[in-house]
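J.: The structure follows.
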Amino acid sequence: MITKRIVQVWEFYRDGFRSMTIGRTLWKLILIKLFIMFVILKLFFFPAFLKGKSTQEKQDYVGQELVSRLADENSLTN
Amino acid sequence: MIDWSRAQFALTAMYHWLFVPLTLGLAVIMGLMETLYVITGKEFWKRTARFWMKLFGVNFAVGVATGLILEFQFGTNWSNYSWFVGDIFGAPLAIEGIVAFFMEATFVAVMFFGWNKVGKGFHLASTWLTGAGATISAWWILVANSWMQYPVGMEFNPDTVRNEMVDFLAVAFSPVAVNKFFHTVISSWILGAVFVVGVSAWFLLRKREHEFAVASMKVAAAVGLFASLVTAMTGDKSAYQVAQCQPMKLAAMEGLYDGGTRQPLTVVGEVKIPVLLSLLATRDVDGYVPGINDLLEGGYPLSDGTVAPSAADKMANGRKAIAALSDYREAKQAGDEARQAAARQVIDDNMKHFGYGYIDQPDDLVPNVWLTFWAFRVMVGLGVYFIAFFVLVLFLAWKRKLEEVNWLHYVALAGIPLAYLASQAGWIVAEVGRQPWTIQDLLPVSAAVSRLETGAVATTFFIFLVLFTVLLAAEVGIMVKAIQKGPESAD
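Protein chains in written order, with the working numbering: chain C, 93 to 170; chain Y, 1159 to 1649.
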């Protein structure tokens, strides 16, 4: 019964994708966009700034930043 | 560096917002058209609904996930902010991601692939649930944004240096979030309606698909008029909330430097409506509305009977709170509990002005008045214009003259970019008007931004500019092609 349902869902999506016209172009666009976003942008241009730090290190880093910005915020505006 | 980070975020958000309102607006209109199909059984409505669904699909596909880039930027460019807001910002965004993925992914498939394969009722439900999924997604995003404008339901923990959620309902259903949701989502219906009326007018100009175009215009204009009136009401509520929670933003929206009681509302230049600003901002014609100078100098009466502190007072309080945070951390390291408790008390006493500690000069608290002032007038002016426009379309539809009035078709077509302009102007008012804050009164952009190289942020700015422009060109190209093709043939 469950297998039959899974097959039905599979066929539903398969037939749907096969019958697409404009949708094929859109899917290509979506896949290219997601590739650029997650593989190129996220990995090479947008690493999380605090990545690699433990929770304690993040607390210490941001705590220090918030305290030190009081003194040196002018350096960030240049 | 702050300016590049802000510019990058603004660019990404504005491009993302080109896709979202059309998704939300078309979802309602195509849902209504399919409902008419299910009720009447007329194939005409099915054909009409399917055409607008196709355009919805193009917009949805190109726009989907562009908002995720904003989340990348939080982690990279705004890491202090991301840590400081803790789970308050993360929770709504996580819920949004899950809801968006499951609801939209499931029901979009049924909506597009399910014609003639699932029952009419199930298909109709899927169409509405696709729109509901997008709308619920918007809810959580707007909850997160509203919290930044009106931070509630949290406590600052100096040990973790985070704001921790203590009242989920206060965050999720804050009055600002509720109103912002209705204002933003329902104003998006206006954009969807203007788009449908405009595209339909194009068919009439080309002497094609008359019945389809006229029927689409009627449904869209009815949705548009309803949405315009509700948006005007929620806009009024929004301005009242801004007056209470972000008075500097209201002063910038009005270009009001020196306030007082019985303040007039500026239309443009010297054209003013007597006492209307006091009425809108305080619900009292004699109400006091502070101007930019009043807000900086303080000393004016607040609604609770106290006297407003000056910007200098708030800056001093903020510096006390930040110095106490430093003291708290040192005392913790030294194991000095008494000193820690004393520092904690100072933080708690001054926390509401924490962010003012990072402000160099009182003038830094003033947002870009010119941009906020004019963006507000563009938004409101076009909002009023669209009410008149939809009334005219419905009047001509009632007189059965929609096809004959050629100039209206050009006006309708020209309305499409105007609707986008109004929608973008709304966000400019909301976001430029709240500067310098990322979180109102708690964290200015100067303290929220990561310590990055300016060149790196500038480079990614231009990468985004190219990427989004290509996406937009793709959307417009595919959309124009789909529109030119028109609805499927009746047979």
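Virtual Cβ for every residue (Gly too), placed ideally from N, Cα, C. Here the structure is a predicted model, which is why all the values come from computation and not from measurement.
For I1545/Y, collect the residues of the same chain with a Cβ closer than 6 Å to its Cβ; drop the 5 residues on either side in sequence, then sort them by chain order.
T.: In the second sequence, residue 1545/Y corresponds to position 387, counting from 1. Cβ within range, chain order: S1386.
J.: Out of D152/C, S160/C and V159/C, point me to the one whose CA is closest to Q1491/Y's CA.
T.: The residue given as residue 1491/Y occupies position 333 in the second sequence. Of the candidates D152/C, S160/C and V159/C, the one whose C-alpha sits nearest the C-alpha of Q1491/Y is D152/C.
J.: Taking its Cβ as the centre, do 16 or more other Cβ atoms sit within 10 Å of H1341/Y, making it buried, or is it exposed?
T.: On the second sequence, position 183 is the one that residue 1341/Y refers to. Answer is buried; the Cβ neighbour count reaches 16.
J.: By the criterion of Cβ-Cβ separation under 7 Å, what are the contact partners of L1638/Y in chain C?
T.: Here residue 1638/Y corresponds to residue number 480 of the second sequence, with the count starting at 1. What sits at residue 1638/Y in the sequence shown is Val, not Leu. Correct list: empty, because the minimum Cβ distance to chain C is about 12 Å.
J.: Let me check understanding here. Comparing Cα to Cα, which of H1368/Y, G1221/Y and T1170/Y lies closest to L121/C?
T.: Your numbering for residue 121/C matches position 29 in the first sequence. Nearest of H1368/Y, G1221/Y and T1170/Y to L121/C, Cα basis: G1221/Y.
J.: State the start and end residues of the unbroken beta strand (DSSP E) segment that holds L1414/Y.
T.: Stepping through the second sequence from its first residue, residue 1414/Y is reached at position 256. Counting along the chain, L1414/Y falls outside any beta strand (DSSP E), and DSSP gives it neither H nor E.
J.: In this structure, how does DSSP classify M1323/Y when only helix, strand and coil are distinguished?
T.: Translated into positions along the second sequence, residue 1323/Y becomes position 165. Three-state DSSP puts M1323/Y in a strand.
J.: May I have the straight-line CA-CA distance separating L1610/Y from K1478/Y, to the nearest angstrom?
T.: The count along the second sequence starts at 1 and reaches residue 1610/Y at position 452. The count along the second sequence starts at 1 and reaches residue 1478/Y at position 320. Looking at the two C-alpha atoms, the distance is approximately 27 Å.
J.: Taking the alpha-carbon of W119/C as reference, which of F1218/Y, I1480/Y, G1183/Y and T1181/Y has the nearest alpha-carbon?
T.: Translated into positions along the first sequence, residue 119/C becomes position 27. Cα-wise, what sits closest to W119/C is F1218/Y.
J.: Give a yes or no on whether the minimum CB-CB distance between K1212/Y and chain C is below 8 Å.
T.: Counting from 1 along the second sequence, the entry for residue 1212/Y is found at position 54. By this cut-off, K1212/Y is an interface position.
J.: Who pairs with I1431/Y in a beta bridge, going by DSSP?
T.: Residue 1431/Y sits at position 273 when you count from the first residue of the second sequence. BP columns for I1431/Y point to L1423/Y.
J.: Note down, in chain order, every chain C residue with its Cβ under 9 Å from the Cβ of R1477/Y.
T.: Against the second sequence, residue 1477/Y aligns to sequence position 319. Chain C residues near R1477/Y: L162.
J.: Hey, does W1595/Y have any beta-carbon neighbour from chain C nearer than 8 Å?
T.: Locating residue 1595/Y in the second sequence gives position 437, counting from the first residue. Chain C places no beta carbon closer than 8 Å to that of W1595/Y, leaving this residue out of the contacts.
J.: Whole angstroms is fine: what's the gap from E1322/Y's alpha carbon to L1600/Y's?
T.: Taking the first residue of the second sequence as 1, we reach residue 1322/Y at position 164. Taking the first residue of the second sequence as 1, we reach residue 1600/Y at position 442. Looking at the two C-alpha atoms, the distance is approximately 14 Å.
J.: I need the straight-line Cα distance from P1309/Y to S1396/Y, nearest angstrom please.
T.: Walking along the second sequence from the start, residue 1309/Y turns up at place 151. Walking along the second sequence from the start, residue 1396/Y turns up at place 238. Roughly 16 Å separates the two Cα atoms.
J.: Taking Cβ to Cβ, would you say M1406/Y is nearer than 8 Å to P1520/Y?
T.: Position 248 of the second sequence, counting from 1, holds the residue named residue 1406/Y. Position 362 of the second sequence, counting from 1, holds the residue named residue 1520/Y. No, the pair does not count as a contact, with Cβ atoms beyond the cut-off.
J.: Skipping 5 residues on each side, what residues in its chain have a beta carbon closer than 8 Å to that of V1372/Y?
T.: Start at 1 with the first residue of the second sequence, and residue 1372/Y comes out as number 214. In chain order, S1358, L1362, A1555, L1560 and E1561 place their CB closer than 8 Å to the CB of V1372/Y, counting only its own chain and leaving out the 5 sequence neighbours on each side.
J.: Return the bridge partner residues of I1597/Y from the DSSP annotation.
T.: The sequence position of residue 1597/Y within the second sequence is 439, counting from 1. DSSP lists L1601/Y as partners of I1597/Y.
J.: Taking S1163/Y and V1465/Y to be in contact with their CB atoms under 8 Å, please state how far apart those CB atoms are, rounded to whole angstroms.
T.: Looking up residue 1163/Y in the second sequence gives position 5. Looking up residue 1465/Y in the second sequence gives position 307. About 37 Å; that fails the 8 Å criterion.
J.: List, in chain order, every chain Y residue whose beta-carbon is nearer than 7 Å to that of L142/C.
T.: As a first step, residue 142/C is located in the first sequence; it is residue number 50 there, counting from the start. Going along chain Y in sequence order, the residues near L142/C (Cβ under 7 Å) are S1237 and W1241.
J.: Return the chain-ordered list of same chain residues with a C-beta closer than 7 Å to the C-beta of Q1582/Y, the five sequence neighbours on each side being excluded.
T.: Within the second sequence, the letter at position 424 stands for residue 1582/Y. Closer than 7 Å at the Cβ level, and outside the excluded window around Q1582/Y, lie M1172 and W1175.
J.: Span of the alpha helix (DSSP H) holding M1269/Y?
T.: Against the second sequence, residue 1269/Y aligns to sequence position 111. Unbroken alpha helix (DSSP H) run through M1269/Y: A1263 to F1271.
J.: State the Cα-Cα distance for the pair I1197/Y and K1278/Y, rounded to the nearest angstrom.
T.: Locating residue 1197/Y in the second sequence gives position 39, counting from the first residue. Locating residue 1278/Y in the second sequence gives position 120, counting from the first residue. If I take the Cα positions, the gap works out to 10 Å.
J.: Leaving out five residues before and five after G1189/Y in sequence, what residues of the same chain have Cβ atoms less than 6 Å from its Cβ?
T.: Counting from 1 along the second sequence, the entry for residue 1189/Y is found at position 31. Closer than 6 Å at Cβ, skipping near neighbours: T1285, W1286 and G1289.
J.: What number of angstroms, rounded off, separates the C-alpha of Q1421/Y from the C-alpha of G1413/Y?
T.: Residue numbering aside, residue 1421/Y sits at position 263 when the second sequence is read from its first letter. Residue numbering aside, residue 1413/Y sits at position 255 when the second sequence is read from its first letter. Rounded to the nearest angstrom, the two C-alpha atoms are 12 Å apart.
J.: Looking at the structure shown, is C1403/Y part of a helix, part of a strand, or coil, going by DSSP?
T.: Translated into the one-based positions of the second sequence, residue 1403/Y becomes position 245. C1403/Y falls in the helix class under three-state DSSP.
J.: With respect to the alpha helix (DSSP H) encompassing M1637/Y, which residues constitute its N-terminal and C-terminal limits?
T.: Start at 1 with the first residue of the second sequence, and residue 1637/Y comes out as number 479. Counting along the chain, the alpha helix (DSSP H) containing M1637/Y begins and ends at T1612 to K1643.
J.: Cβ atoms of Q1593/Y and Q1307/Y: under 8 Å apart, would you say?
T.: Counting from 1 along the second sequence, the entry for residue 1307/Y is found at position 149. Counting from 1 along the second sequence, the entry for residue 1593/Y is found at position 435. No, the Cβ-Cβ distance between Q1307/Y and Q1593/Y is not below 8 Å.
J.: Counting only the same chain and skipping the five closest in sequence on each side, list residues whose C-beta sits under 6 Å from that of M1152/Y.
T.: Nothing in the structure corresponds to residue 1152/Y, since chain Y is present only between 1159 and 1649.
J.: Can you give me the C-alpha to C-alpha distance between G1382/Y and T1392/Y, rounded to a whole angstrom?
T.: In the second sequence, residue 1382/Y corresponds to position 224, counting from 1. In the second sequence, residue 1392/Y corresponds to position 234, counting from 1. Rounded to whole angstroms, the gap between the alpha carbons of G1382/Y and T1392/Y is 15 Å.
J.: In its own chain, which residues sit with a C-beta less than 6 Å from the C-beta of N166/C, not counting the 5 before and 5 after it?
T.: As a position in the first sequence, residue 166/C is number 74, starting the count at 1. Only weak support is given to the placement of N166/C: the predicted model assigns it a pLDDT of 45, under 50, and the value that follows is read from those uncertain coordinates. Cβ within range, chain order: n/a, list empty.
J.: Determine the burial state of E1646/Y: buried for a count of at least 16 other Cβ atoms within 10 Å of its Cβ, exposed for fewer.
T.: In the second sequence, residue 1646/Y corresponds to position 488, counting from 1. It is exposed - the Cβ of E1646/Y has fewer than 16 other Cβ atoms within 10 Å.
J.: Counting only Cβ pairs nearer than 9 Å, list the residues of chain Y close to I89/C.
T.: Since the first residue shown for chain C is 93 and the last is 170, residue 89/C is missing from the structure and cannot be characterised.
J.: Under the three-state reduction of DSSP, which class applies to M129/C: helix, strand or coil?
T.: Within the first sequence, the letter at position 37 stands for residue 129/C. If DSSP states are grouped into helix, strand and coil, M129/C belongs with the helices.
J.: Alpha carbons only, please: which of G1463/Y, N1475/Y, F1512/Y and L1454/Y is nearest the one belonging to A1469/Y?
T.: Here residue 1469/Y refers to the residue found at position 311 when the second sequence is read from its first residue. Restricting attention to G1463/Y, N1475/Y, F1512/Y and L1454/Y, the CA atom closest to the CA of A1469/Y is found in L1454/Y.
J.: Which one or two residues does DSSP pair with Y1446/Y in a beta bridge?
T.: What you label residue 1446/Y is simply residue 288 of the second sequence in a count that begins at 1. Answer by DSSP bridge pairing, in chain order: T1419/Y.
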